[in-house]
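Peer 1: Each residue of the sequence shown is one higher than the last, beginning at 1 in UniProt numbering.
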Amino acid sequence: MFTLTASLHGLRPAACHPGAGPCEPTSTGQMVALYAAVFMLCVSAGGARFNQATLGASQFDAAADRDVLFNWYFVFFYASSVVGSTAIVYVQDNVSWALGYAISGAASFAGLAALLAGTPYYRRPGARGSPFTGLARVALAAARKWKVNLATSEELRFYHGRRSSAGDKDGDVSGATSLAAPSNSFSFLNRAALIADGDVVPADGSVFRPWRICTVQEVEDFKAVVRILPLWSASIVLSVAFGTQINFTVLQALAMDRGLGRFTVPAGSMSVVILISIVVSLILLDRALLPLWRRLTGHTPTPLQRIGAGHVLAILSLAASAAVERHRMATVRTHGEEGHQAWVSSLSAMWLVLPLALAGAGEALYFPGGVTLYYEEFPPSLKNTSTGMVAVIIALGFYLSTALVGVVRRTTAWLPNNMNASKLENLYWLLTVMATVNFGYYLLCAKLYKYQNVGK
Numbered sequence: 001m002f003t004l005t006a007s008l009h010g011l012r013p014a015a016c017h018p019g020a021g022p023c024e025p026t027s028t029g030q031m032v033a034l035y036a037a038v039f040m041l042c043v044s045a046g047g048a049r050f051n052q053a054t055l056g057a058s059q060f061d062a063a064a065d066r067d068v069l070f071n072w073y074f075v076f077f078y079a080s081s082v083v084g085s086t087a088i089v090y091v092q093d094n095v096s097w098a099l100g101y102a103i104s105g106a107a108s109f110a111g112l113a114a115l116l117a118g119t120p121y122y123r124r125p126g127a128r129g130s131p132f133t134g135l136a137r138v139a140l141a142a143a144r145k146w147k148v149n150l151a152t153s154e155e156l157r158f159y160h161g162r163r164s165s166a167g168d169k170d171g172d173v174s175g176a177t178s179l180a181a182p183s184n185s186f187s188f189l190n191r192a193a194l195i196a197d198g199d200v201v202p203a204d205g206s207v208f209r210p211w212r213i214c215t216v217q218e219v220e221d222f223k224a225v226v227r228i229l230p231l232w233s234a235s236i237v238l239s240v241a242f243g244t245q246i247n248f249t250v251l252q253a254l255a256m257d258r259g260l261g262r263f264t265v266p267a268g269s270m271s272v273v274i275l276i277s278i279v280v281s282l283i284l285l286d287r288a289l290l291p292l293w294r295r296l297t298g299h300t301p302t303p304l305q306r307i308g309a310g311h312v313l314a315i316l317s318l319a320a321s322a323a324v325e326r327h328r329m330a331t332v333r334t335h336g337e338e339g340h341q342a343w344v345s346s347l348s349a350m351w352l353v354l355p356l357a358l359a360g361a362g363e364a365l366y367f368p369g370g371v372t373l374y375y376e377e378f379p380p381s382l383k384n385t386s387t388g389m390v391a392v393i394i395a396l397g398f399y400l401s402t403a404l405v406g407v408v409r410r411t412t413a414w415l416p417n418n419m420n421a422s423k424l425e426n427l428y429w430l431l432t433v434m435a436t437v438n439f440g441y442y443l444l445c446a447k448l449y450k451y452q453n454v455g456k
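1. Does the beta-carbon distance from Ile394 to Ser239 come in below 9 Å?
2. So Gly243 and Ser401 are supposed to be a Cβ contact under 8 Å. How far apart are they, rounded?
3. Please say whether Leu251 and Met419 have beta carbons closer to each other than 9 Å?
4. Look at the Cβ atom of Leu254, then the Cβ atom of Val353, and state whether they are nearer than 9 Å.
5. Does the stretch 213-223 come close enough to the stretch 299-307 to have 3 or more Cβ pairs within less than 8 Å?
6. Quick check: the Cα distance between Tyr120 and Ala114, rounded to an integer number of angstroms?
7. Confirm, please, whether the CB-CB distance from Ile307 to Leu373 is below 9 Å.
8. Using the rule of at least 16 other Cβ atoms within 10 Å of the residue's Cβ for burial, across every protein chain shown, is Phe70 buried or exposed?
9. With distances taken Cα to Cα, identify the nearest neighbour of Leu8 among Leu99, Ala79, Tyr73 and Trp72.
10. Since His427 sits in a beta bridge, which residues does DSSP pair it with?
11. How long is the line joining the alpha carbons of residue 460 and Ser58, rounded to whole angstroms?
12. So, with DSSP's three-state summary, where would you put Thr334?
13. Closer than 7 Å by C-beta to Leu318: which residues in its own chain qualify, once you throw out the five before and the five after it? Chain order, please.
14. Do His311 and Gly370 count as a contact pair if the criterion is CB distance below 9 Å?
15. Report all residues from its chain with a CB closer than 6 Å to the CB of Leu4; omit the five preceding and five following residues, and keep chain order.
16. Distance check for Ala53 and Tyr73, CA to CA, integer angstroms please.
17. Taking all protein chains shown into account, do 16 or more other C-beta atoms lie within 10 angstroms of the C-beta of Asp199, making it buried, or fewer, making it exposed?
18. What ranges does the alpha helix (DSSP H) occupy inside the stretch 31-76, keeping only unbroken runs of at least 4 residues that lie completely in it?
19. Do Gly388 and Gly126 come within 9 Å of each other at the CB atom, strictly closer than that value?
20. What is the rounded straight-line gap between the Cα of Trp211 and the Cα of Arg144?
21. Anyone know if the C-beta pair for Phe158 and Val216 falls short of 9 Å?
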């Protein structure tokens, strides 16, 4: 669709040349075609990008093999992003937008063909309906039985699923019920599995009121999600800081010397440093650092340890960005150019490589570590959803980053339109403090969390 909008005259406005009069306005049909392409891209990325990681992980039985797969999945994911941010952009700028989109479309088609070619060999669990329906049923069933006192009831019968034996006598539902209660953690949710009159059909133990009764396993699945949500939320601040850092690094680069020999580095290409750092860090982790750690300590770093190390590197990256910005503003004040928006500092933009490389190394730790954690710890019914939790974090981070910048603009004078009169350093230090406090919150959550599946 993007290729069509860039190549067909009816789907794009005419070229606009300086001095040739007013530009032709974009028609409604052209905007509809463009937004339809954006919509399809978002839906396809949301449906395929992280589900592919889940599909790959489901092919392996050993957790160590799944960990390696996640590492290399992200290696190829970010390596392809490097190609898209450099080679494809070069083609679009120097040849044509249509050709750049066509190459991307051909690559996507080749990937789809490769995926379909392996279909006969994949493990594919059967569909069991929406897992979110089960979560909603647990919450609603527990709320409806809120007045039941679990501590004082003399005999509690909990539902464990429909009786599998077809030869049981009518009225005997012992195969579907048991005195065995769910775990004691979040015990208020145990009411959802408590059998009340009329909840279960006595003849076969099937559910008569699906929104008033759940199985013990469904309750335990709900608890597993509740346990991991605090750890998941601890990554949101990192994503906010990451999104803010990327956006303002481009503005910093525009106000710095971007010369590299005879070549001028485009400000928008500075983010490629992060992608390259992620790829290099993941390869080093998988091929050198993690094997070395195993030889020295006798065990593999846990997902929580990897995520924690990523937090530390992210904090160092933000502090480094603040230090570079302080140095840049020092050159601005030395030359007395605070009032000149177009003035470019003689400080090399290559100083931005250090904070960006640290940010990439941190992301190489906490994103794959998070995917591993969610996949291993989420209940089986939510495995397909688990890896998508990282995508939700990324989306929330960029939305909240925009909100944070808006609040800072309204309440402070840190971010005027003139970069040479800004106090961007203060924003970086604010993000550093936020990330540090968030790291303390993460450590608390990690200390209280008990693995359900990792290491077993």
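Glycine is no exception: its CB is placed at the ideal position from the N, C-alpha and C atoms.
Peer 2: According to the data block:
1. yes
2. 4 Å
3. yes
4. no
5. no
6. It is worth fixing the name first, because residue 120 is Pro in this sequence and not Tyr. One C-alpha to the other measures close to 12 Å.
7. yes
8. buried
9. Leu99
10. The sequence shown places Leu at residue 427, rather than the His named in the question. None; Leu427 has no bridge partner.
11. Lying outside 1 to 456, the shown extent of the chain, residue 460 is not represented and no answer is given.
12. helix
13. Ala241, Gln245, Tyr428, Leu431, Thr432 and Ala435
14. no
15. Leu11
16. 7 Å
17. buried
18. 51-57
19. no
20. 9 Å
21. yes
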